[in-house]
């Protein structure tokens with residue numbers, strides 16, 4: 020905070036407190052005559068009183084400023100819904116009290132919040148906000164620094180009031196102008212495109228929306244259940260099969276992937292599909308709305324409107340009333356009704372629905388064109404949309420209340436429901452046309468240019484998915500070689516491969532052809548980070564090193580987590596290997612960790628997964644049991660083929676653990692050992708119960724064998740059906 024502001028604020032606070040009667044000016048000194056210096060003063064109170072008085076003055080000043088800030092904020096929040104977005108935090112903790120409260124929820128970057136108030140915790144401002152958690156409206160406090168808002172009045176309030184009471188750096192009143200801190204929070208494959216936009220538009224802010232969703236799963240969902248359509252004018256590569264309506268096709272998987280990949284639209288033409296769709300009086304103007312509609316049936320007045328309103332005025336007024344971008348509303352109706360507006364949904368003369376209109380096509384779904392029209396007009400009739408203006412206002416209200424204020428607050432999210440705050444995932448999507456976000460965002464961009472406001476501090480919320488392809492998905496029919504990479508991406512991928520050679524294989528010399536081989540695999544999307552790690556750690560070159568299990572785990576920590584192993588983790592993974600789990604099993608476990616995802620993300624590559632297909636990798640308890648049979652009965656290491664064979668027998672329910680154990684003790688290899696009864700009983704304890712026998716138990720079973728009450732076979736069955744063995748197997752997730 021600037022010193023001159025502190026001085027002005029201190030004076031203001033002191034005056035306010037004096038007027039309120041909360042601060043008195045004490046008699047602090049007595050005058051006396053100094054022959055050499057004239058009139059002087061002499062302190063008559065303790066030194067610490069001055070400090071206490073200063074602190075009291077500062078506290079009073081801050082209290083007065085806080086009260087003034089809250090008073091100024093109240094009418095803004097009463098006048099409209101102020102929408103914010105979580106940013107500058109991968110996950111922000113929402114608390115039930117500012118500063119030191121309990122965690123109510125963790126909100127990932129990109130989450131929508133609605134601001135309801137402000138409190139201070141020390142010098143840190145906290146906003147009281149609401150947000151959705153599994154379809155439940157929830158309330159809590161978030162630090163002001165982790166919420167970005169574009170509302171002009173709110174930003175002006177932050178600058179004038181909040182910056183005075185907050186510690187420097189706790190309020191981003193001017194967003195992140197001139198900083199790349201927001202861009203650095205994106206995966207590497209996004210950053211080049213974002214930096215290019217930042218150069219042209221330094222006031223723009225980019226927020227990663229951490230969906231927490233697997234890219235492959237999202238593609239599968241959006242490519243199913245009739246969710247994604249494409250118009251017949253698009254090339255064949257975009258089309259899969261005819262849809263239920265004339266001139267429409269089910270979109271091809273290639274088309275779904277292309278439009279779903281946000282990186283394809285981080286450019287001047289399409290970036291506004293990620294804009295938060297709120298009204299802003301400094302960004303939006305009536306002339307720009309008119310320019311959107313100028314070549315359409317909505318260029319003039321609304322037919323039969325009682326107030327004689329032009330369409331442009333209606334959209335502008337409705338947007339300002341609802342707090343929704345009027346550009347978005349105008350573009351949406353243009354998209355839904357086309358240039359000429361010939362749909363029966365807005366004709367007003369459809370039989371049985373005369374005088375009803377549905378401009379936004381709300382509820383207009385069905386298996387054929389007639390069904391779609393009648394469903395949409397039934398919705399309009401039930402809603403009472405018996406004038407064109409009512410239909411415009413009602414449809415806009417649906418968009419506002421059911422989408423924009425429920426987490427789906429960008430054009431992209433209205434098409435692709437990848438926000439889980441409300442109404443689940445994938446099903447709550449406004450349109451089936453997958454190119455609608457492209458068309459609408461282009462029109463919105465043009466409107467901002469016409470308004471001269473394209474360089475305002477917009478906030479763009481851009482989805483991020485797990486396990487995305489290394490480079491952006493190519494347009495259908497233009498796949499090429501898939502090497503759409505920046506110089507930075509190329510460098511990072513090559514560094515990733517180089518690291519695997521040096522750390523994983525302890526190489527000091529690496530041929531450029533070796534780097535090129537794996538680089539091409541990754542860049543073309545043929546191998547993920549996990550698959551490449553497998554290629555190194557399961558390679559013959561590594562096997563020839565004959566490393567210990569402990570060294571193997573240590574190497575995985577170094578190449579996958581970029582750190583030395585912690586004692587607990589090293590011991591746990593090493594123990595699993597020592598009990599018979601495969602090295603691939605451990606590698607697969609590492610590949611599923613968030614640390615590995617973060618490592619791959621830092622190198623800009625797709626993480627991928629390593630499925631556990633072998634039986635020996637399916638269940639720790641079963642594999643450990645079979646391994647102990649080899650170790651305790653045969654007294655030798657298990658061969659891989661044997662572990663896979665017997666683990667498969669048990670997991671497929673072809674044989675129970677007792678049957679497999681009987682095979683081992685009946686095998687000639689074991690019979691040749693000529694074990695004593697004591698040795699036999701001890702072996703059963705070790706094989707079935709994973710422990711040494713207690714003295715009393717050993718004596719009991721020895722007596723059973725000596726008296727003939729038990730045979731070796733019956734004793735083995737007793738151990739196999741014992742509750743202790745069952746509990747041991749349950750602890751491994753296997754029910755006998």
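Numbering (the working numbering), first residue to last: 20 to 755.
Even for Gly, the Cβ is constructed at its ideal location relative to N, Cα and C.
If you're wondering where the values come from, they're calculated on a predicted model, not measured in any experiment.
- Where residue 396 is concerned, the enclosing alpha helix (DSSP H) starts and stops at 388 to 402.
- Between the beta-carbon of residue 619 and that of residue 463 there is about 34 Å, and that puts the pair past the 8 Å contact cut.
- Residue 594 and residue 734 have their C-alpha atoms some 29 Å from each other.
- DSSP places residue 408 inside the alpha helix (DSSP H), whose first and last residues are 407 to 421.
- In the structure shown, residue 667 adopts helical secondary structure according to DSSP, grouped into three states.
- For residue 458, the CB contacts under 7 Å within the same chain, skipping 5 residues up- and downstream, are 354 in chain order.
- In terms of Cβ geometry, residue 274 and residue 456 do not form a close pair [threshold 7 Å].
- Straight through space, the alpha carbons of residue 361 and residue 159 are spaced by roughly 48 Å.
- Assignment of residue 480 by DSSP, reduced to helix, strand and coil, places it in the strand class.
- By the criterion of a C-beta distance shorter than 8 Å, residue 95 is surrounded in its chain by 101, 170, 172, 173, 176, once the five residues flanking it on both sides are discounted.
- When DSSP reads this structure, residue 155 sits in a beta bridge with 152.
- By the C-beta criterion, the stretch 566 to 573 is judged to be in contact with the stretch 590 to 608, since at least 3 inter-stretch pairs fall below 8 Å.
- The stretch 464 to 477 and the stretch 413 to 424 do not touch, with fewer than three beta-carbon pairs separated by less than 8 Å.
- Per DSSP, reduced to three states, the secondary structure at residue 372 is coil, with no helix or strand assignment.
- Counting every other CB atom within 10 Å of its CB across the protein chains shown gives residue 338 a total of 16 or more, marking it as buried.
- In the structure shown, the three-state DSSP call for residue 518 is helix.
- Here residue 218 is exposed. Its C-beta has fewer than 16 other C-beta atoms within 10 Å.
- For residue 696, the three-state secondary structure derived from DSSP is helix.
- By the beta-carbon neighbour count (other beta carbons within 10 angstroms, threshold 16), residue 313 is exposed.
- In the three-state reduction of the DSSP assignment, residue 675 falls in the coil class, being assigned neither a helical nor a strand state.
- With 16 or more other Cβ atoms inside 10 Å of its own Cβ, residue 413 counts as buried.
- Residue 82 sits away from residue 117, with the two beta carbons spaced by 7 Å or more.
- Bounds of the beta strand (DSSP E) holding residue 261 are 258 to 261.
- For residue 125, the enclosing beta strand (DSSP E) covers residues 122 to 127.
- In this structure, the CA atom of residue 552 is about 7 Å from the CA atom of residue 519.
- As a beta-bridge residue in DSSP terms, residue 343 pairs with 297.
- Contact check for residue 651 and residue 705: beta-carbon distance about 4 Å, within the 8 Å limit, so the pair qualifies.
- Ranked by how close their Cα comes to the Cα of residue 155, the residues 136, 286, 132, 588 have 132 in first place.
- If you check the CB distance, residue 342 and residue 298 come in under 7 Å.
- Residues of the same chain with a CB within less than 8 Å of the CB of residue 388, apart from the 5 flanking positions on each side, are 264, 265 in chain order.
- Here DSSP, grouped into helix, strand and coil, assigns residue 360 to coil.
- With fewer than 16 other Cβ atoms inside 10 Å of its own Cβ, residue 373 counts as exposed.
- If you check the CB distance, residue 404 and residue 375 come in under 7 Å.
- Within the stretch 443 to 473, the runs of alpha helix (DSSP H) that reach at least 4 residues and sit entirely inside it are, in chain order, 455 to 470.
- A distance below 7 Å separates the beta carbons of residue 294 and residue 477.
- By DSSP's assignment, residue 249 forms a beta bridge with 268.
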